[in-house]
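Peer 1: Protein chains in written order, with the numbering used here: chain S, 8 to 348; chain E, 563 to 954. Cβ atoms here follow ideal geometry from the backbone N, Cα and C, with glycine treated the same way. In this text the structure is predicted, and so the values were computed from the model without any measurement. One structure, pasted below without further comment.
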């Protein structure tokens, strides 16, 4: 029982990341009708916003100690970060909380990147075949990755969560399952964070006028346009929003998995599978499938399961995707008429 | 139509063969005249021709073709390990295995079309890749990659544990009493498959592959595939079951990939899982698009350009760039070197990505279409909207 519960927890944070990326992909697809293979690169860019912010904020000043010497006779280096010198305790706070703060920074940055991407590139591909869209965004993803690789190197760069969250939460005790169900705080927070972001996106679409117009546009773009609404502008903003969702998902994920330039591609392939399983164009489907596949994956990586089906943890997601696509062509919650030819 | 273009086709085939066979001479001035690179051109040419049979003719974009390349490589290396270093059985076995594999994957994935097809093939390729790294390690030797090794000792006692990934048997070669010194090289009935003989082996197969692709494109079967591309629904309304045609095209193109994979193994008897990664699938898509999807020569050209530029750009470093820009004044040179260093050496992938975007944005028909457009521009004719011309 404990083990099963733990696996569900394990799946939730990964599922959260899948769901957030898949949500953005679906938003872009549902509004603009564009298959965006560069969405994983946006996740990666978000992660590297966190990395860059951490680098800047913890930039260190090195002073040589005039008195003390090391064992080798060289002066001891005293490293203090500029943030500490300038802001004192607040500077230390900034360093410790660099990941959550960079999530806030990622919002405007990713919004700009997303809108620039839509206006600069995607706009020209509305009426091109999906194959062209896939190819051009695939090219863009490679370009973005290589630029990041050039500036940050090819190795994963670990980030740390705020020290207060570095331990594990005794989840078992809260739920009366005993002492041995413990789980890292940050992963729990990631799950909560993804749930909040998902809720916010849904609320934005459901309860604001802007969201209402966007939803109307998703169903019938032409009619909304005929009513005198500049639907294109709103769709562009939605694309920016999708980029923000991917970006904050990436920034928050850095303490869980050290990002390298290739992290976006790894998540992208899985997220596409998630979107297709959930049903192309269905937001609820994307979220549901994200969590479902995340949990399935963590169950498949249990030793007991691996003994029966060796290697199942490596392929479970793809296997489920293939089965679902063959039995339910529209995915779990797909709309009729979406991507059917 | 078929009869009239037959002579043009023969001319094309002959010109193509002459160009391929004289490549060691004609490509020397641009620095591509060494056998390793030429062999790569030929192999990726075969891969791209095969991919084009599926993508160019039917419009089905497979994102998992690298899996067949990997299967071909693994099968070939196993033939080398178990039976003989002769290239022919290895190529045959790879064709068979890749064909079977493609039949299986194609049967499942062709139930969907459009982006769903792309995703399913991608999923299958990722599955193969992940499995090759983990559970299938006894067959694939995991991260190290499958290699041709030295022979297992002849007098193996009953307690001897044979580890096939580390020791080879080569039954056939042993039966014929081939003496091996060190790790053997692949051969064709005694002719060593390294250097120019290796290139000519691939080149002959490339010409053969080109010929077959040409016959397929011109045949009724090829017509049917093109009909699927232009309007599958209408074809189905007329009572045609399109799936057998699609499956046949998928298997053929999978076998081409398997052939390319086995030739890679003939060049260098080592097969690694990274050959199956989906970025490798993306590369063959780019080759086809770059040259011109749906054309015969285009994919070969695309493969040559990408592999050629790849080896050229990766070999550059800052010193060479400094020499190259030495005519510029110092500050300008630094900027020029700094910027161009982004694109060469390890940054070659960046160039590749940019090329990908530029091609798809500006010349979706590939460079062959680009050429025809330019020629038209000079002839001051209005461009023909129908892309029917460049079948060559």
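Under 7 Å Cβ to Cβ from residue 168 of chain S, same chain only, skipping five residues before and after it: list those, please.
Peer 2: Taking the first chain and counting its residues from 1, one reaches residue 168 of chain S at position 161. Same-chain partners within the cutoff: 106, 193, 262.
Peer 1: Thinking just about the alpha-carbon of each residue, which of E/846, E/932, E/692 is nearest to the one in residue 318 of chain S?
Peer 2: Locating residue 318 of chain S in the first chain gives position 311, where the first residue counts as 1. The candidate whose alpha carbon is nearest that of residue 318 of chain S is E/692.
Peer 1: Measuring CA to CA, which of E/922, E/742, E/929 is closest to residue 135 of chain S?
Peer 2: Within the first chain, numbered from 1, the residue matching residue 135 of chain S stands at position 128. Considering only alpha carbons, the answer is E/922.
Peer 1: Rounded to whole angstroms, what is the Cα-Cα separation between residue 323 of chain S and residue 11 of chain S?
Peer 2: Taking the first chain and counting its residues from 1, one reaches residue 323 of chain S at position 316. Taking the first chain and counting its residues from 1, one reaches residue 11 of chain S at position 4. Their backbone Cα atoms lie some 17 Å apart in a straight line.
Peer 1: Between residue 125 of chain S and chain E, is there a C-beta pair that is closer than 7 Å?
Peer 2: Taking the first residue of the first chain as 1, we reach residue 125 of chain S at position 118. Judged by the 7 Å Cβ criterion, residue 125 of chain S is not in contact with chain E.
Peer 1: Which residue spans inside the stretch 832-875 of chain E form an unbroken alpha helix (DSSP H) run of at least 4?
Peer 2: Runs found: 840-853.
Peer 1: Does any residue of chain S have a CB that is nearer than 7 Å to the CB of residue 696 of chain E?
Peer 2: Reading the second chain from its first residue, position 134 is the one you call residue 696 of chain E. Output row for residue 696 of chain E: interface = yes.
Peer 1: Of the residues E/569, E/576, E/567, which one's Cα is nearest the Cα of residue 770 of chain E?
Peer 2: Indexing the second chain from 1 puts residue 770 of chain E at position 208. Among E/569, E/576, E/567, the Cα nearest to that of residue 770 of chain E belongs to E/576.
Peer 1: Determine the burial state of residue 268 of chain S: buried for a count of at least 16 other Cβ atoms within 10 Å of its Cβ, exposed for fewer.
Peer 2: Walking along the first chain from the start, residue 268 of chain S turns up at place 261. Buried, since its Cβ has 16 or more Cβ neighbours within 10 Å.
Peer 1: For the ligand GDP, is there a heavy atom less than 6 Å away from the beta-carbon of residue 169 of chain S?
Peer 2: In the structure on display, the ligand GDP does not appear, and there are no ligands present to speak of.
Peer 1: Give every residue of the same chain whose Cβ lies closer than 6 Å to the Cβ of residue 644 of chain E, excluding the five residues on either side of it in the sequence, and list them in chain order.
Peer 2: Reading the second chain from its first residue, position 82 is the one you call residue 644 of chain E. Answer for residue 644 of chain E: 731, listed in chain order.
Peer 1: Anyone know if the C-beta pair for residue 616 of chain E and residue 815 of chain E falls short of 7 Å?
Peer 2: Here residue 616 of chain E corresponds to residue number 54 of the second chain, with the count starting at 1. Here residue 815 of chain E corresponds to residue number 253 of the second chain, with the count starting at 1. Yes, the Cβ-Cβ distance between residue 616 of chain E and residue 815 of chain E is below 7 Å.
Peer 1: Going by DSSP, what residues sit across from residue 84 of chain S in a beta bridge?
Peer 2: Residue 84 of chain S sits at position 77 when you count from the first residue of the first chain. Partner(s): S/71.
Peer 1: Note down, one range per segment and in chain order, each alpha helix (DSSP H) of at least 4 residues found wholly within the stretch 866-941 of chain E.
Peer 2: The stretch 866-941 of chain E contains these whole alpha helix (DSSP H) runs: 880-886, 892-903, 910-924, 928-941.
Peer 1: Beta-carbon separation of residue 23 of chain S and residue 197 of chain S under 7 Å?
Peer 2: Walking along the first chain from the start, residue 23 of chain S turns up at place 16. Walking along the first chain from the start, residue 197 of chain S turns up at place 190. Against a cut-off of 7 Å, the Cβ pair of residue 197 of chain S and residue 23 of chain S comes out as a contact.
Peer 1: Taking only three categories from DSSP, how would you classify residue 754 of chain E?
Peer 2: Taking the first residue of the second chain as 1, we reach residue 754 of chain E at position 192. Three-state DSSP puts residue 754 of chain E in a strand.
Peer 1: Under 7 Å, CB to CB, which of the residues in the stretch 133-151 of chain S have a partner in chain E?
Peer 2: Here the close residues are 137, 138, 139, 141, 142, 143, 145, 146, 147, 149, 150.
Peer 1: Would you report the Cα separation of residue 649 of chain E and residue 750 of chain E, rounded to the nearest angstrom?
Peer 2: On the second chain, position 87 is the one that residue 649 of chain E refers to. On the second chain, position 188 is the one that residue 750 of chain E refers to. Near 6 Å, if we compare the C-alpha coordinates of residue 750 of chain E and residue 649 of chain E.
Peer 1: Could you say which of S/270, S/203, S/299, S/45 lies nearest to residue 129 of chain S if we only look at CA atoms?
Peer 2: On the first chain, residue 129 of chain S is found 122 positions in, with the first residue counted as 1. Closest by alpha carbon: S/45.
Peer 1: Tell me whether the beta-carbon of residue 120 of chain S lies closer than 7 Å to the beta-carbon of residue 253 of chain S.
Peer 2: Your numbering for residue 120 of chain S matches position 113 in the first chain. Your numbering for residue 253 of chain S matches position 246 in the first chain. No; because the gap between Cβ atoms is not below 7 Å, this pair is not in contact.
Peer 1: How about residue 312 of chain S: is its C-beta nearer than 7 Å to some C-beta of chain E?
Peer 2: Within the first chain, numbered from 1, the residue matching residue 312 of chain S stands at position 305. No, its Cβ sits nowhere closer than 7 Å to a Cβ of chain E.
Peer 1: Give every residue of the same chain whose Cβ lies closer than 7 Å to the Cβ of residue 704 of chain E, excluding the five residues on either side of it in the sequence, and list them in chain order.
Peer 2: Here residue 704 of chain E is taken as the residue at index 142 of the second chain, counted from 1. Correct list, in chain order: 695.
Peer 1: If I follow the unbroken alpha helix (DSSP H) through residue 791 of chain E, where does it start and stop?
Peer 2: Counting from 1 along the second chain, the entry for residue 791 of chain E is found at position 229. Where residue 791 of chain E is concerned, the enclosing alpha helix (DSSP H) stretches over 782-799.
Peer 1: Evaluate contact between the stretch 237-249 of chain S and the stretch 142-159 of chain S, counting only Cβ atoms and requiring at least three cross-stretch pairs below 8 Å.
Peer 2: No contact exists between the stretch 237-249 of chain S and the stretch 142-159 of chain S.
Peer 1: Establish whether the CB of residue 332 of chain S and some CB of chain E are separated by less than 7 Å.
Peer 2: Translated into positions along the first chain, residue 332 of chain S becomes position 325. Answer yes: the Cβ-Cβ gap between residue 332 of chain S and chain E drops below 7 Å somewhere.
Peer 1: Using the beta-carbon of each residue, which ones in chain S are nearer than 9 Å to residue 673 of chain E?
Peer 2: As a position in the second chain, residue 673 of chain E is number 111, starting the count at 1. Per Cβ cutoff of 9 Å: 332, 333, 336.
Peer 1: Look up residue 714 of chain E in the DSSP assignment and say whether it is helix, strand or coil.
Peer 2: Taking the first residue of the second chain as position 1, residue 714 of chain E is located at position 152. In this structure, residue 714 of chain E counts as coil in the three-state DSSP scheme.
Peer 1: How should residue 5 of chain S be labelled, buried or exposed, when 16 other C-beta atoms within 10 angstroms of its C-beta is the threshold for buried?
Peer 2: The question about residue 5 of chain S has no answer, for chain S in this structure spans 8 to 348.
Peer 1: Can you tell which of E/596, E/599, E/614, E/591 has its C-alpha closest to the C-alpha of residue 852 of chain E?
Peer 2: Residue mapping note: residue 852 of chain E aligns to position 290 of the second chain, counting from 1. Checked all of E/596, E/599, E/614, E/591; the closest Cα to residue 852 of chain E is E/614.
Peer 1: Look up residue 304 of chain S in the DSSP assignment and say whether it is helix, strand or coil.
Peer 2: Residue mapping note: residue 304 of chain S aligns to position 297 of the first chain, counting from 1. Note: residue 304 of chain S maps to helix in three-state DSSP.
Peer 1: Between residue 26 of chain S and chain E, is any beta-carbon pair separated by less than 7 Å?
Peer 2: Here residue 26 of chain S refers to the residue found at position 19 of the first chain. No, because no Cβ of chain E sits closer than 7 Å to the Cβ of residue 26 of chain S.
Peer 1: Which residue from S/57, S/282, S/208, S/206 puts its Cα closest to that of residue 112 of chain S?
Peer 2: Start at 1 with the first residue of the first chain, and residue 112 of chain S comes out as number 105. The shortest C-alpha separation from residue 112 of chain S is found at S/57.
Peer 1: Taking residue 146 of chain S as the reference, which of S/308, S/48, S/226, S/341 has the closest Cα?
Peer 2: Taking the first residue of the first chain as position 1, residue 146 of chain S is located at position 139. Looking at the Cα atoms, S/48 is the closest of the given residues.
Peer 1: Is it true that the CB of residue 819 of chain E sits closer than 7 Å to the CB of residue 612 of chain E?
Peer 2: Position 50 of the second chain, counting from 1, holds the residue named residue 612 of chain E. Position 257 of the second chain, counting from 1, holds the residue named residue 819 of chain E. Contact: yes.
Peer 1: DSSP puts residue 76 of chain S in a beta bridge; with which residues?
Peer 2: Sequence index remark: in the first chain, residue 76 of chain S carries index 69 (1-based). DSSP, once it has assigned bridges, lists S/82 as partnering residue 76 of chain S.
Peer 1: Go through its chain and collect everything with a Cβ distance to residue 225 of chain S's Cβ below 8 Å, but skip five positions before and after it.
Peer 2: In the first chain, counting from the first residue as 1, residue 225 of chain S sits at position 218. Closer than 8 Å at the Cβ level, and outside the excluded window around residue 225 of chain S, lie 37, 38, 288.
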